[in-house]
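Engineer:
2 protein chains.
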Amino acid sequence: MKSESAESKLSERPRMRAVPPYERIKLYLKERLESGHWTPGALMPSEAELVTQFSVSRMTVNRALRELQLEGLVDRAQGVGTFAAQLHRVSSSLTIRDIHEEVLERGHTHHATVHLAKAETATATVAQRLGVAVGATVFHTVIVHHENDVALQCEDRYVNPECAPDYLSVDFTRMTPTHYLLDVAPLWEARFAVAAGLPTPREAKLLGLKTTDPVLIVSRRTVNRGVPITQARLVHPAGRYQIDGVFKP
Amino acid sequence: MKSESAESKLSERPRMRAVPPYERIKLYLKERLESGHWTPGALMPSEAELVTQFSVSRMTVNRALRELQLEGLVDRAQGVGTFAAQLHRVSSSLTIRDIHEEVLERGHTHHATVHLAKAETATATVAQRLGVAVGATVFHTVIVHHENDVALQCEDRYVNPECAPDYLSVDFTRMTPTHYLLDVAPLWEARFAVAAGLPTPREAKLLGLKTTDPVLIVSRRTVNRGVPITQARLVHPAGRYQIDGVFKP
DNA sequence: CAGTGGTCTAGACCACTGA
DNA sequence: CAGTGGTCTAGACCACTGA
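Just so you know, the sequences run in chain order P and F. Heads up: the first sequence runs through residues 0 to 248, numbered per numbering that gives the first Met the number 0. Heads up: the second sequence runs through residues 0 to 248, numbered per numbering that gives the first Met the number 0.
#1: Based on DSSP bridge pairs, tell me the residues matched to T136 (chain P).
#2: In the structure shown, what three-state DSSP assignment does P160 (chain P) receive?
#3: Return the bridge partner residues of A76 (chain F) from the DSSP annotation.
#4: Relative to the C-alpha of L32 (chain P), which candidate in P:D182, P:Q68 and P:T124 has its C-alpha closest?
#5: Near R232 (chain F), which residues of its chain fall below 7 Å by C-beta distance, leaving aside the five closest residues on each side in sequence?
#6: In chain P, what lies closer than 7 Å to A195 (chain F) by C-beta?
#7: Does chain P have any CB closer than 8 Å to the CB of I250 (chain F)?
#8: Going by Cα to Cα distance, which pick from F:F82, F:L180, F:E48 and F:A63 is closest to H36 (chain F)?
#9: Can you confirm whether the region 20–31 of chain F touches the region 53–60 of chain F when touching is taken to mean that 3 or more C-beta pairs between the two stretches lie within less than 8 Å?
#10: How about A192 (chain F): is its C-beta nearer than 8 Å to some C-beta of chain P?
#11: Under 9 Å between beta-carbons, which chain P residues line up against L69 (chain F)? List them in chain order, please.
#12: For L293 (chain F), name the three-state secondary structure that DSSP assigns.
#13: Roughly how many angstroms lie between the CA atoms of V79 (chain F) and F246 (chain F), to the nearest whole one?
#14: Could you tell me whether any Cβ in chain F is nearer than 8 Å to the Cβ of P19 (chain P)?
#15: When you compare each of F:A203, F:A84, F:V55 and F:T140 to G257 (chain F) by their alpha carbons, which one comes out closest?
#16: Is the separation between the beta-carbon of H107 (chain P) and that of T172 (chain P) shorter than 8 Å?
#17: Give the C-beta separation of A121 (chain P) and V137 (chain P) to the nearest angstrom, bearing in mind that I take them to be a contact with Cβ-Cβ under 8 Å.
#18: Is the beta carbon of C153 (chain P) closer than 8 Å to that of I228 (chain P)?
#19: Output the boundary residues of the alpha helix (DSSP H) element that contains N61 (chain F).
#20: Helix, strand or coil, according to DSSP, for F246 (chain F) in the structure here?
#21: Between G238 (chain F) and T112 (chain P), what straight-line distance do the alpha-carbon atoms span, to the nearest angstrom?
#22: Count the other C-beta atoms from every protein chain shown that fall within 10 angstroms of the C-beta of P198 (chain F), then say buried if there are 16 or more, exposed otherwise.
#23: Tell me whether P164 (chain F) is buried or exposed, calling it buried when 16 or more other Cβ atoms sit within 10 Å of its Cβ.
#24: Tell me the rounded alpha-carbon separation between D212 (chain F) and I142 (chain P).
#25: Specify, as a first and last residue, the run of the alpha helix (DSSP H) that Q52 (chain P) falls within.
#26: Report the partner residues of Q230 (chain F) according to the DSSP bridge assignment.
#27: At least one CB of chain F closer than 8 Å to the CB of Q230 (chain P): is that the case?
#28: Mind checking which residues open and close the beta strand (DSSP E) that includes V193 (chain P)?
#29: For T221 (chain P), count neighbouring Cβ atoms within 10 angstroms of its own Cβ and tell me buried if that reaches 16, exposed if not.
#30: Measuring straight from C-alpha to C-alpha, what distance separates M249 (chain F) and V73 (chain P)?
#31: Quick one: Cα of A116 (chain P) to Cα of I242 (chain P), how far?
#32: Does DSSP classify A17 (chain P) as helix, strand or coil?
#33: Provide the residue span of the alpha helix (DSSP H) that contains V102 (chain F), from first to last.
This is the structure in structure tokens:
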């Protein structure tokens, strides 16, 4: 171990911090997991064994194993041991971005047209989704987002006025509802569903589609501290939009 | 701290482990972030300050802050401090599951019909996706998955024979390709795209649809240690399937 | 009972940033 | 320079599981 670190200091460029021990232990275990040395469910070395093997303190080994557990690579059980994780459920990471930022990042121009922005009385469906009384006032906006002047998304959104009383005074040609609501309610929780379907006649017209053209629909409901903030239906022409994701173990 | 823990032991039910200090510090910081006490970019207390405030050692505070950093709630910079994170990119967690497990979990029955399972020579497109030579042998399966005898997914899949030489000998009415491939190649990385579209005539026939019925299409490409394993096109009737996800800060 | 992981302590040395 | 976070040590006490 000591000769190794002396050697690596010579071969590394200055200012390049050496890989810390907990990271090296993680890499070692990841490699052996990847090579199939421990098949799913197999018992892996205990903390004590790794302490001896790497000549480090238990806290360092514990950090390595705890992080592998957070990454879903190992399962740990007090009093039992550490096991190679079953990887039969594949949970992927998917990014749903503010459409303005997304379009700009592709080097394209974004602009939005506002087709509706007003206060309405809540129907039963909307009231239930936003957790308000039927007939209560809610804000309703319909905005079409364009990428390089091509309609990319029709955003039909209801907002709980209690969470964003000034919502209707925002200039949505300059700031997207998503961006504004993130400013108003900094931390929140969202549930969403992605589905295929057909546009409503109005959506078809706004997006320049026929009502028989397939669309990708993202429905999103956002909650802050248990209080529903907003419900959105985001409709995208099938050929012009897809959601990309990566899964890494 | 000592009187607090004695008190909590009395009020808690036996076997209920007390919330450990690092968790209590995380909860405290999360609450204040949620309440807007620190707006995005704001300087948060240093480790030393939290050590004093909570009467714990620095390692405990460090763990709390490190985990908040991993969760994306704070940004930390050596020599500078800890800051409330900018939450303007919303990355959601989305689970793509083995369809067999997914259907069973809903309490329904799953069965698969195999419509094609053979070795083929790779076309240019397939060769490029699987990283093999044009004309090399690849495995090709077309399987329809049913939930309670209703067609739910048409799975059109190419497999690199080097990664799964016995692929064609698997009984896919008993084990899904996804499940088998996870056994063969325990750790892997996947990229996927979710889009809406129309089925091919063959897919329409297999799923009992018209070619004008919209479908939800998941394309997935899986790589193990840099070697492409498999490429799949998963086609779902629009009304029968959606992908759900949650975003939690 | 011996072995496991969960957590904490009270120190330490270091690299880094900004005044 | 004082203050920050990044990391490690060598111990400790505990709850838990299975023989």
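Cβ atoms here follow ideal geometry from the backbone N, Cα and C, with glycine treated the same way.
Structural biologist: Quick answer:
#1: Position 137 of the first sequence holds residue 136 (chain P). T136 (chain P) is bridged to P:T120.
#2: As a position in the first sequence, residue 160 (chain P) is number 161, starting the count at 1. Looking at P160 (chain P) - three-state DSSP - the assignment turns out to be coil, as it is neither helix nor strand.
#3: By one-based count along the second sequence, residue 76 (chain F) stands at place 77. For A76 (chain F), the pairing in a beta bridge is given by DSSP as F:G80.
#4: Start at 1 with the first residue of the first sequence, and residue 32 (chain P) comes out as number 33. Ranking P:D182, P:Q68 and P:T124 by Cα distance to L32 (chain P) puts P:Q68 first.
#5: On the second sequence, position 233 is the one that residue 232 (chain F) refers to. Cβ within range, chain order: D155, I216 and S218.
#6: Your numbering for residue 195 (chain F) matches position 196 in the second sequence. By Cβ distance, chain P contributes A195, P213, V214, L215 and A237.
#7: Residue coverage of chain F in this structure runs from 0 to 248, which leaves residue 250 (chain F) outside it and unanswerable.
#8: Counting from one through the second sequence, the residue named residue 36 (chain F) turns up at place 37. Here the closest residue by C-alpha is F:F82.
#9: The region 53–60 of chain F is in contact with the region 20–31 of chain F.
#10: In the second sequence, counting from the first residue as 1, residue 192 (chain F) sits at position 193. For A192 (chain F), the answer is yes, since a Cβ of chain P falls inside 8 Å of its Cβ.
#11: For the purposes of this step, residue 69 (chain F) is identified with residue 70 of the second sequence, where counting begins at 1. Within chain P, the residues near L69 (chain F) are E66 and L69.
#12: Past the boundaries of the shown model lies residue 293 (chain F); chain F is included only from 0 to 248, so the question cannot be answered.
#13: For the purposes of this step, residue 79 (chain F) is identified with residue 80 of the second sequence, where counting begins at 1. For the purposes of this step, residue 246 (chain F) is identified with residue 247 of the second sequence, where counting begins at 1. Rounded to the nearest angstrom, the two C-alpha atoms are 29 Å apart.
#14: Stepping through the first sequence from its first residue, residue 19 (chain P) is reached at position 20. Output row for P19 (chain P): interface = no.
#15: Only positions 0 to 248 of chain F appear in this structure, which leaves residue 257 (chain F) out of reach.
#16: Against the first sequence, residue 107 (chain P) aligns to sequence position 108. Against the first sequence, residue 172 (chain P) aligns to sequence position 173. No, the Cβ-Cβ distance between H107 (chain P) and T172 (chain P) is not below 8 Å.
#17: Numbered from its first residue, the first sequence carries residue 121 (chain P) at position 122. Numbered from its first residue, the first sequence carries residue 137 (chain P) at position 138. A121 (chain P) to V137 (chain P), Cβ: 5 Å. Contact.
#18: Residue mapping note: residue 228 (chain P) aligns to position 229 of the first sequence, counting from 1. Residue mapping note: residue 153 (chain P) aligns to position 154 of the first sequence, counting from 1. In this structure, C153 (chain P) does not lie closer than 8 Å to I228 (chain P) by Cβ.
#19: Within the second sequence, the letter at position 62 stands for residue 61 (chain F). Its alpha helix (DSSP H) spans residues R57 to L69.
#20: In the second sequence, counting from the first residue as 1, residue 246 (chain F) sits at position 247. F246 (chain F) falls in the strand class under three-state DSSP.
#21: Position 239 of the second sequence, counted from the first residue, corresponds to residue 238 (chain F). Position 113 of the first sequence, counted from the first residue, corresponds to residue 112 (chain P). Straight-line Cα distance between these residues: approximately 30 Å.
#22: Stepping through the second sequence from its first residue, residue 198 (chain F) is reached at position 199. Under this definition P198 (chain F) is a buried residue.
#23: Looking up residue 164 (chain F) in the second sequence gives position 165. That one is exposed.
#24: Mapped onto the second sequence, residue 212 (chain F) falls at position 213. Mapped onto the first sequence, residue 142 (chain P) falls at position 143. Going from the Cα of D212 (chain F) to the Cα of I142 (chain P) covers about 27 Å.
#25: Translated into positions along the first sequence, residue 52 (chain P) becomes position 53. Note, Q52 (chain P): alpha helix (DSSP H), E46 to F53.
#26: Along the second sequence, read from residue 1 onward, the residue named residue 230 (chain F) stands at position 231. Its beta-bridge partners are F:Y157 and F:R220.
#27: Residue mapping note: residue 230 (chain P) aligns to position 231 of the first sequence, counting from 1. No, no contact with chain F.
#28: By 1-based counting over the first sequence, the position of residue 193 (chain P) is 194. E188 to G196 is the span of the beta strand (DSSP E), which, as asked, contains V193 (chain P).
#29: Mapped onto the first sequence, residue 221 (chain P) falls at position 222. Answer is buried; the Cβ neighbour count reaches 16.
#30: Given that chain F is displayed from residue 0 to residue 248, the structure contains no residue 249 (chain F) and the question cannot be resolved.
#31: Position 117 of the first sequence, counted from the first residue, corresponds to residue 116 (chain P). Position 243 of the first sequence, counted from the first residue, corresponds to residue 242 (chain P). Each residue's Cα considered, the two are about 27 Å apart.
#32: Sequence index remark: in the first sequence, residue 17 (chain P) carries index 18 (1-based). Correct three-state label for A17 (chain P): coil.
#33: Residue 102 (chain F) sits at position 103 when you count from the first residue of the second sequence. Bounds of the alpha helix (DSSP H) holding V102 (chain F) are I98 to E104.
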